[in-house]
Every structure is written in C-alpha cells, then in structure tokens.
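>
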Amino acid sequence: MRRWLEGLRELRRYPSAIGGLALIVFLIAVSVYTVIAIPYSQALELWRGGEAWRMHPVNAGPVWVDRLLGGDKPDTTVVRSEDAETRSAAFDGGRQVRIPLSFDYPHDDFPSEINLFLETRDTEREAFVRLRWQTPDGDIIPLGGRRVAREDRISISQNQTLEGRLGMPPHVGLFARSTDAGQPVPDNGRYRLIIDAILFGEDASLEADLVVYGRVHGIAGTDHQRRDLMVALLWGTPVALAFGLLAAVGTTVTTLVIAATGVWFGGLVDATIQRLTEVNIILPVLPVLVMVGTLYSTNIWLMLGVVIALGIFSAGIKMYRAMLLPIRQAPYIEAARAYGAGNARIILRYMIPRILPVLIPTFVTLIPTYVFLEASLAVLGLGDPVLPTWGKVLNDAQTQSALYNGFYYWVIAPALLLMLTGLGFAMFGFALDRVFNPRLRTQ
Amino acid sequence: MSTERAASAESTSPLVSVRDLRTWFELRQWGFLRVGSVRAVDGVSFDLGRGESVAFVGESGCGKSSLARTLLGLHRPTGGEVSFDGYRVQDLAGRDLQWYRASVGYVQQDPYGALPPFMDVRRILAEPLVVHGVTDRAERERRIRRALEEVRLGPGDAILDQFPHMLSGGQQQRVVIARALVLEPAMIIADEPVSMLDASVRVEILNLLRRIQSERSLTLAFITHDLSTVRHYADRIFVMYAGRIVEQAQVDELLEHPQHPYTQALLAAIADVDAANARRVRDVPAGEPPSLLHPPPGCRFHPRCPHAMAGTCDVRDPGMFEPRRDHLSACWLHER
Ligand SMILES: Nc1ncnc2c1ncn2[C@@H]1O[C@H](COP(=O)(O)OP(=O)(O)OP(=O)(O)O)[C@@H](O)[C@H]1O
Ligand SMILES: [Mg+2]
C-alpha cells in the first residue's frame with residue numbers, strides 16, 4: 247500500500263502524468279455529467295432521430311466556430327402563434343383566424359430552410375390556410391393556400407411554384423433584397439408571415455410554429471438527420487471509456503490468469519496455451535472482428551465479449567509468461583506450497599500480484615487501443631446500431647461525404663475526442679511506466 | 086481431526102520414519118525423451134524422534150535440499166516411503182494432507198526470497214492460517230502475535246505493517262520462522278537457515294531455533310554446511326554423500342570419532358581452515374563430487390576415498406555397519 251502511495255507521490259514529478267491525468271479526469275467528468283444529464287434510454291431515443299429534431303437545421307455547423315471566424319451566420323428562429331396577436335371571427339359553423347407571425351432577421355446570410363408546423367384542434371373538417379409573406383419593405387408575397395391535416399407541415403422552402411416565381415429557392419428569394427442584381431443579399435428587418443385560416447367547428451383552434459432554420463447550431467452542430475451532434479459526442483465519452491476499460495480489464499485479467507496457469511502447471515497445459523497463442527497471434531484481429539461484426543453487430547456489449555474472447559490468447563501471454571517464469575521458482579511460492587496453499591491461490595495471490603505493478607502502465611495504455619478499436623469498427627459500419635458513439639458520428643460523416651461537402655466539424659469533433667482519449671491515457675501510462683518500472687527511470 | 090491424531094500418537098514411536106527413500110529427477114530431451122535420472126536422494130532411511138534436533142550435513146549438491154523437499158511433500162518420492170506419526174505421507178490426500186502440511190514447518194535458506202515482497206508481515210503470517218481455514222480475524226491476529234513474540238519480533242504493531250524489504254536479514258528470517266510456527270507444527274525443517282545471513286546474526290537465529298525447539302519440544306531437522314557449529318544445535322547428525330546417508334550418530338560421538346572416510350575428510354577440512362584461519366571454507370575433500378546422473382558403482386565415495394579397496398568398494402554397495410554403539414557408517418572398512 248505504502249509502495250503505491252510513494253509511486254503516486256512520485257508521479258507528480260512528471261508533467262505528462264499531470265497532463266494525462268487532467269485529460270482523463272476531464273473525460274470522466276464529461277461521462278458522469280452525460281450519464282446524469284441525458285439518461286441512457288433518452289439518449290437512445292434521441293439518437294433514433296425523427297420528430298424530436300424537427301426544429302433543428304440540417305448539417306449546421308457549430309455557432310462558436312462561425313463567430314470565431316468572424317461570420318454572422320443565422321441561427322434558427324422559431325416563431326410561435328401563442329406569442330402572436332391572433333384575431334379571429336366566428337361564422338356559422340366555424341371560425342376565421344388571422345395569425346401574423348413576425349420576427350427580426352439581422353443576419354447577413356440566408357436561412358437554410360423554412361417550415362411551418364400547423365396543428366388544428368376540435369375541427370370537424372380539414373382546415374384551410376392561406377399564407378402571405380411580408381418583407382421589411384412592406385411588399386407582400388402570396389405563398390398560396392392549401393388544406394391542412396390535424397398535424398401538418400408546410401415546407402415553404404420546398405414550394406416548387408414559389409421557387410419558379412422567385413427565380414431562386416424560397417428561403418433565399420423571400421429574404422433577398424429585391425433591387426440588387428447579381429449575388430442575392432438578405433434584407434435585414436422585420437419579416438412577417440400572415441396566416442389566414444378557415445376552421446370548421448365551434449371551438450376549433452389553430453396553432454402554428456414558423457421555423458426559419460439557421461446555418462449554425464449549438465456547440466457541436468447537427469447532422470444530416472437534424473440530430474444535435476452534441477448528444478453523440480457526449481454519450482460517446484462514457485461509451486468509449488467503458489468499452490476501453492472493460493475490454494482492457496477483461497483481456498488483461500484473462501490473459502494474466504491463463505499465462506500464470508500455464509506457467510504454474512507447465513507441461514501439456516503450458517504447451518497447449520503456447521500453441522493456441524501462436525495461432526491467435528498470426529490471426530489478424532481486424533478482419534476477424536469485421537467478420538464477427540458483420541455476423542453479430544447487434545450491440546456493443548457483444549462486440550466487447552468478442553474483443554475479450556479474441557484477446558484471451560493474445561501476444562500478452564508471451565510477455566506475461568516471460569515475467570512469471572522466474573517467479574514460479576521463487577522460494578516464497580515453494581513455502582506457500584509447503585503450508586498447503588492450493589493451485590488457484592498460488593496463481594491468483596502469489597504469482598499475479600508480483601507482476602501487477604509492472605502491468606499497470608501497460609494496462610493504462612491498453613485502454614485507448616480498445617477505444618480506437620471500437621471506433622474503427624463503428625466507422626466501418628460495424629458498431630452498435632442504436633448507441634450514439636464517436637465512431638458512429640464518423641461513420642455518418644463518411645457516408646454523407648462530410649469532408650467533400652465542407653462539414654469539417656462533423657469529422658473533427660469526434661476525431662479530436664478520440665485523439666484526446668488516446669493522448670491522455672498514453673501520457674499517463676508512460677509516466678506510470680517510468681515510476682513503476684525503475685529500469686526506464688531517467689535520472 | 087488433528088486432535089484425534091495427536092491423541093492417537095504414542096510418544097515413544099518415532100515421529101518421522103523414512104525407509105529407502107528415493108527422489109530422482111528425470112532428465113528429458115525435447116520435453117519427452119528420457120535421457121536419465123538425477124538421483125538426488127537415493128535410498129535414505131532414518132527415524133526422527135519427537136522433540137529431537139538433527140542436522141544433515143554434506144557438500145553442495147549431495148541432495149540435502151531434495152531430501153528436505155521430499156519430506157515436505159514438495160517432491161513426490163520415486164520410491165520408498167515417509168511415515169509421519171504413523172501415517173504414510175504418500176497416501177495422504179485432502180484434509181489429511183493439509184493436516185500433514187500444517188504439522189511440518191519449513192524455513193528456507195534465503196529469507197528475502199522466502200517472503201512474498203508484496204505482502205506485509207501481517208498478511209504473510211496470516212496466509213497459512215487462512216489456507217488452513219482460520220476464518221476468525223481476531224483469532225488469526227492472536228496467533229500471529231504469539232508467533233511473533235516467540236521469534237522475538239514483538240510486541241508492537243510496527244513490524245506487522247512492514248514489508249519484507251524494510252526488514253534486516255535477521256528480521257526477515259525471524260518472520261520466516263514465525264510463519265513456520267504459526268500453524269503450530271510438530272516438526273520444522275530448516276534448510277540452511279543461516280547460510281545467507283550476516284555472520285553476526287547467525288548465532289542469534291540458531292539459538293532462537295534451538296530455544297523454540299526445546300520449548301515446544303519440536304522435532305527440528307536442519308540442514309547445514311557448517312560442521313563447526315552443529316554441535317550446539319543438534320542432538321544427532323546425518324552425513325550425506327551423493328544422495329545417501331553415509332554416517333549417523335550422536336553429535337559428540339560423531340565429531341570425536343568419525344568413522345566414515347568422507348566424514349573424516351570433512352572434519353579434517355574444517356581443522357585446516359581453523360588452523361590457517363582462512364576465510365574460504367574448504368569443506369570439500371579432494372576430488373570431484375560424483376555425478377548423480379551416473380553414480381559410480383559400489384560405494385559412491387570410492388573414487389575419492391584414500392582407503393578404497395579394489396574389488397570391494399568399486400563393486401558392491403556397502404550396507405550400514407555399526408562400528409561403535411549407536412554409530413552407523415556405510416563403509417566396507419567397518420564390515421565385521
Ligand atoms: N527440481 C529439480 N530438477 C532436477 N534436478 C534437481 C532438482 N532439484 C535438485 N536437482 C538436482 O539434484 C541434486 C541435488 O540437489 P540439492 O539441491 O538437493 O543439493 P543440496 O545438497 O541441497 O546442495 P546445496 O548444499 O548446494 O544446497 C543436484 O544435482 C541438483 O542439480
Ligand atoms: Mg540445498
């Protein structure tokens with residue numbers, strides 16, 4: 247115990263230990279925060295995508311990057327009918343409603359999309375709406391009218407006839423300054439969408455949400471399914487740490503026990519373990535994992551099991567064996583046999599603890615290799631299909647040609663987190679190696 | 086079970102009785118081809134009484150440690166048998182084997198190597214108790230403290246929390262002895278317990294062993310190179326040569342009237358050293374020790390023996406003769 251404390255005290259002399267530990271602590275803090283702030287089931291639900299994200303823009307970059315680069319890209323504006331001055335008049339068998347949704351638009355770039363979400367209540371028949379767009383200059387552009395279902399979405403920016411009339415996509419055309427020729431420039435000021443609705447029913451009501459989608463969103467941006475990448479970046483942390491740690495623990499423990507068993511019993515047991523190891527070392531890990539992944543990539547814990555199973559007879563056995571062979575002959579083990587300690591006790595309590603301090607650095611540096619392995623599998627499309635992970639984000643980015651399309655943030659953020667994880671554990675592990683393997687100690 | 090056994094033991098019968106014990110190590114090539122056997126122990130017979138202290142002496146490689154390990158059940162004997170308290174040790178299994186292991190304590194040569202470096206003294210002394218099912222923590226602590234007091238390491242908690250590397254060689258060997266005592270054995274086997282220690286603490290440790298032996302009336306079998314001090318710590322001596330016992334007698338009898346030419350050479354060597362006051366102990370009589378792989382025919386000592394009789398010593402194995410009362414020697418010179 248005291249030896250460990252001394253070791254830890256000595257660690258403070260190594261800047262890389264402090265740096266690595268800081269990174270690890272940061273990642274752990276993020277993990278804890280994430281697991282508390284976004285419970286597991288909620289994270290899965292969110293990552294499944296769909297309606298939850300309907301008010302998020304598609305492929306929007308991080309806000310802070312844009313602002314840092316001196317940009318003024320719009321973020322998303324939502325205008326709700328609850329806040330608008332609704333006027334309504336009853337007629338026989340229904341109501342006529344006018345909702346003006348107005349908002350300020352101060353940005354010098356166009357929004358990426360415009361949608362209007364409508365919800366009618368207590369109607370006897372489908373309601374009818376007619377939309378008009380009012381620019382800051384006071385020009386009125388009719389957007390047409392249509393029947394709406396109980397819950398409906400009017401994709402203004404997808405309106406083909408409007409696009410034909412404006413000569414450009416509606417989310418550009420509706421904001422462009424009419425006088426300018428050449429490159430369209432957005433007009434700043436107060437815009438208004440006027441909804442005239444006819445509702446059939448005594449108590450019928452209408453709620454409307456106008457969403458003017460921006461081009462930047464939040465800290466991490468969004469992906470092609472409008473999902474906030476933050477969810478995956480956050481949840482990727484505990485998943486990566488848990489996977490790396492469990493895989494490292496699992497393979498180290500099984501490998502150690504098997505190596506020690508072989509060394510202790512010797513003979514046929516040892517020979518069998520050695521031959522199995524040699525065969526397993528020749529087998530390339532990634533292709534085997536890819537194969538297994540294609541067959542069974544249903545969830546991450548199965549992958550974890552496979553990784554551990556493949557790691558059991560890994561090259562580590564050779565290293566541990568070399569370390570354990572001299573210990574087998576140690577007089578204290580002979581003494582233990584003389585007072586009646588059994589095989590399991592000798593292996594677990596007398597042989598393995600002897601080499602444990604030397605293994606801790608190796609163990610720490612082993613964690614990120616499994617983190618990377620999990621990410622690589624996910625990038626190859628063999629990850630857990632429902633869990634948000636860094637590798638999954640990279641996989642999506644790849645299939646959506648993120649780099650080709652200029653969505654650098656989509657690749658950089660998860661890659662950076664992966665690199666930080668590797669760096670943190672590597673720095674800490676190397677410092678531990680210095681402390682616990684005095685042969686390497688530099689004077 | 087152990088109490089039943091203790092009750093059944095008759096105090097007059099020998100505690101240990103060894104008959105024609107052989108421990109051969111097979112030499113194999115490529116892991117399976119037998120190319121011969123190292124006959125480390127080759128036909129050894131003796132009895133040890135209760136509360137008796139005996140010494141095994143002999144030059145390096147004559148099989149002393151192999152004999153000790155075979156007695157401890159660490160090597161399976163190739164032939165012959167060891168009886169302990171009337172039970173054939175080879176037949177013991179399960180709980181009976183554990184009883185035997187608790188009954189025989191082991192003190193090794195290298196005290197630092199004999200202690201697991203990652204355990205503190207408390208843990209080291211608790212281990213045998215845990216192995217033998219003493220689950221009660223307070224009981225363990227009590228027995229640990231008693232053992233420590235017996236080896237003069239207590240009282241006081243300080244030592245219990247120390248790790249082996251923090252202790253001096255003498256303290257380490259005391260811990261080793263305490264570990265051998267903690268199960269309250271009937272016999273202790275000490276394999277060169279002081280040869281790796283500083284000269285200044287050797288006498289202390291030997292006195293300690295002797296005192297514990299007489300206080301607990303233990304059977305103490307210790308292996309030594311050092312014939313000059315053996316008289317103070319042993320009642321009887323067994324002289325070993327090339328896997329066999331060549332001479333045995335009470336200490337004073339043997340030292341004053343050595344019968345076997347090998348013993349005589351050993352004692353002469355000590356006299357030489359004393360006279361020259363030399364530092365290097367030349368305890369080996371002239372000539373090479375024989376190969377245990379291909380031991381010489383007849384008496385194993387004959388190639389080095391000044392009295393070798395051609396036609397007898399190099400042909401026939403000598404049996405045990407009794408040239409003097411209670412003094413056995415395996416030499417054709419003493420054939421009557
Ligand atoms: N486990 C083993 N396998 C093979 N040979 C062994 C083994 N243990 C001992 N031997 C051989 O048996 C012979 C006797 O060894 P042993 O250690 O018993 O001698 P010793 O009398 O204790 O010597 P020393 O005084 O140097 O300790 C030696 O030749 C040794 O090489
Ligand atoms: Mg020896």
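Order-wise, the sequence lines are chains A and B. When you line the first sequence up against the numbering used here, it's residues 247 to 689, in that order. When you line the second sequence up against the numbering used here, it's residues 86 to 421, in that order. For glycine and all other residues, C-beta sits at the position ideal for the given N, C-alpha and C.
For glutamine 520/A and leucine 633/A, what's the separation of their Cα atoms in angstroms?
To locate residue 520/A, count along the first sequence from 1; it is residue 274. To locate residue 633/A, count along the first sequence from 1; it is residue 387. Whole-angstrom Cα-Cα distance: 37 Å.
> Among Ile209/B, Ala265/B and Glu373/B, which one has its Cα closest to the Cα of leucine 305/B?
For this step, residue 305/B is matched to residue 220 along the second sequence. Of Ile209/B, Ala265/B and Glu373/B, the residue nearest in Cα terms is Ala265/B.
> Is it the case that the segment 455 to 467 of chain A contacts the segment 348 to 366 of chain A, given that we only count it when at least three CB pairs across the two stretches are under 8 Å?
The segment 348 to 366 of chain A is in contact with the segment 455 to 467 of chain A.
> Need the endpoints of the beta strand (DSSP E) that leucine 466/B sits in, please.
Because residue 466/B is not part of the residues shown, which for chain B are 86 to 421, the question remains open.
> Indicate the three-state DSSP secondary structure (helix, strand or coil) for tyrosine 713/A in the structure shown.
A query on residue 713/A cannot be resolved here, the shown segment of chain A reaching from 247 to 689 and no further.
> Return yes when the Cβ of serine 348/A is within less than 7 Å of the Cβ of methionine 673/A, no when it is not.
Mapped onto the first sequence, residue 673/A falls at position 427. Mapped onto the first sequence, residue 348/A falls at position 102. Cβ atoms of methionine 673/A and serine 348/A: not closer than 7 Å.
> Could you give the distance in angstroms between the alpha-carbon of alanine 488/A and the alpha-carbon of serine 287/A?
Position 242 of the first sequence holds residue 488/A. Position 41 of the first sequence holds residue 287/A. Straight-line Cα distance between these residues: approximately 17 Å.
> Taking the C-alpha atoms as reference points, what is the distance between glycine 404/B and glycine 148/B?
By one-based count along the second sequence, residue 404/B stands at place 319. By one-based count along the second sequence, residue 148/B stands at place 63. Approximately 19 Å, taken between the alpha carbons.
> I want to check one thing, is the minimum distance from the CB of lysine 149/B to the heavy atoms of ligand 2 below 6 Å?
Here residue 149/B refers to the residue found at position 64 when the second sequence is read from its first residue. Yes.
> Tell me which same chain residues have a C-beta within less than 8 Å of the C-beta of phenylalanine 406/B, skipping the five on either side of it?
Locating residue 406/B in the second sequence gives position 321, where the first residue counts as 1. Closer than 8 Å at Cβ, skipping near neighbours: Leu413, Ser414, Ala415, Cys416, His419, Glu420 and Arg421.
> I'd like the list of long-range same chain contacts for valine 279/B, defined as Cβ closer than 7 Å, with 5 residues on each side in sequence excluded.
Here the question's residue 279/B lines up with position 194 in the second sequence. Once the five neighbours on either side are set aside, the close Cβ partners of valine 279/B are Arg287, Ile290 and Leu291.
> Does the distance from the CB of glycine 539/A to the CB of leucine 408/A come in under 7 Å?
As a first step, residue 539/A is located in the first sequence; it is residue number 293 there, counting from the start. As a first step, residue 408/A is located in the first sequence; it is residue number 162 there, counting from the start. Going by C-beta atoms, glycine 539/A is not nearer than 7 Å to leucine 408/A.
> Exposed or buried, what is phenylalanine 272/A when buried is set at 16 or more other beta-carbons lying within 10 Å of its beta-carbon?
Reading the first sequence from its first residue, position 26 is the one you call residue 272/A. Per the 10 Å Cβ criterion, exposed.
> What residues from the segment 295 to 309 of chain B come within 9 Å of chain A, judged by C-beta to C-beta, listed N to C?
Here the close residues number zero.
> How would you list, in chain order, the residues of chain D whose beta-carbon sits under 8 Å from the beta-carbon of glutamate 224/B?
In summary, chain D is missing from the structure at hand, where the protein chains are A and B.
> For methionine 325/B, write down the residues that DSSP places opposite it in a beta bridge.
Locating residue 325/B in the second sequence gives position 240, counting from the first residue. The partner list for methionine 325/B (beta bridge, DSSP) reads Ile330/B.
> Using DSSP bridges, identify the partner residues of leucine 112/B.
Along the second sequence, one-based indexing puts residue 112/B at 27. Leucine 112/B is bridged to Gly121/B.
> Are any of the Cβ atoms in chain B nearer than 7 Å to that of tyrosine 566/A?
Residue numbering aside, residue 566/A sits at position 320 when the first sequence is read from its first letter. Taking Cβ atoms only, chain B never reaches closer than 7 Å to tyrosine 566/A, which makes this a no.
> Within 10 angstroms of the Cβ of isoleucine 270/A, are there 16 or more other Cβ atoms? Answer buried if so, exposed if not.
Within the first sequence, residue 270/A is the residue found at index 24, counting from 1. Result: buried.
> Pick out whichever of Ala584/A, Arg396/A, Thr366/A and Asn589/A has its Cα sitting closest to the Cα of leucine 268/B.
Start at 1 with the first residue of the second sequence, and residue 268/B comes out as number 183. Of Ala584/A, Arg396/A, Thr366/A and Asn589/A, the residue nearest in Cα terms is Ala584/A.
> Please state the DSSP three-state secondary structure of glutamine 342/A.
Translated into positions along the first sequence, residue 342/A becomes position 96. Of the three classes helix, strand and coil, the one that applies to glutamine 342/A here is strand, per DSSP.
> Leaving aside the five residues before and after glycine 496/A along the sequence, list all residues of the same chain whose C-beta is less than 6 Å from its C-beta, in chain order.
What you label residue 496/A is simply residue 250 of the first sequence in a count that begins at 1. Answer for glycine 496/A: Ile554, listed in chain order.
> Give me the Cβ distance between valine 639/A and leucine 475/A, rounded to the nearest whole Å; I'm assuming they're in contact under 8 Å.
Position 393 of the first sequence holds residue 639/A. Position 229 of the first sequence holds residue 475/A. Indeed, because the Cβ distance is near 6 Å, the residues count as touching under 8 Å.
> For a contact meaning CB atoms closer than 9 Å, what does valine 216/B contact in chain A?
Taking the first residue of the second sequence as 1, we reach residue 216/B at position 131. Neighbours of valine 216/B on chain A, chain order: Ala582, Tyr585, Gly586, Ala587, Gly588 and Arg591.
> Spatial neighbours of arginine 365/B within its chain, please: CB distance less than 7 Å, with the 5 preceding and 5 following residues excluded, ordered by chain position.
Within the second sequence, the letter at position 280 stands for residue 365/B. Caution is warranted here: a pLDDT of 42 is assigned to arginine 365/B, below 50, making its placement in the model unreliable, and the coordinate value is therefore given only provisionally. Nothing listed; no residue qualifies.
> Comparing the C-beta of proline 577/A with each C-beta of chain B, is any distance below 7 Å?
Working through the first sequence from its first residue, we reach residue 577/A at position 331. Chain B, which has a Cβ nearer than 7 Å to the Cβ of proline 577/A, makes this yes.
> Is it the case that the CB of leucine 159/B approaches a heavy atom of ligand 1 more closely than 6 Å?
Numbered from 1 along the second sequence, position 74 holds the residue referred to as residue 159/B. Leucine 159/B Cβ: outside cutoff for every heavy atom of ligand 1.
> For alanine 643/A, name the three-state secondary structure that DSSP assigns.
Looking up residue 643/A in the first sequence gives position 397. In this structure, alanine 643/A counts as helix in the three-state DSSP scheme.
> If we count the other Cβ atoms within 10 Å of its Cβ and call it buried at 16 or more, is aspartate 170/B buried or exposed?
Within the second sequence, numbered from 1, the residue matching residue 170/B stands at position 85. Aspartate 170/B comes out buried.
> If you scan the segment 171 to 246 of chain B from start to end, which runs of the alpha helix (DSSP H) of 4 or more residues do you find wholly inside it?
Entirely contained in the segment 171 to 246 of chain B, the alpha helix (DSSP H) runs reaching 4 residues are, in chain order, 179 to 188, 206 to 216 and 222 to 235.
> Run down chain A in chain order and give the residues with a C-beta less than 9 Å from the C-beta of aspartate 195/B.
Taking the second sequence and counting its residues from 1, one reaches residue 195/B at position 110. Simply Pro577.
> Is it buried or exposed, tyrosine 326/B, if we count other Cβ atoms within 10 angstroms and call 16 or more buried?
One-based indexing of the second sequence puts residue 326/B at position 241. Per the 10 Å Cβ criterion, buried.
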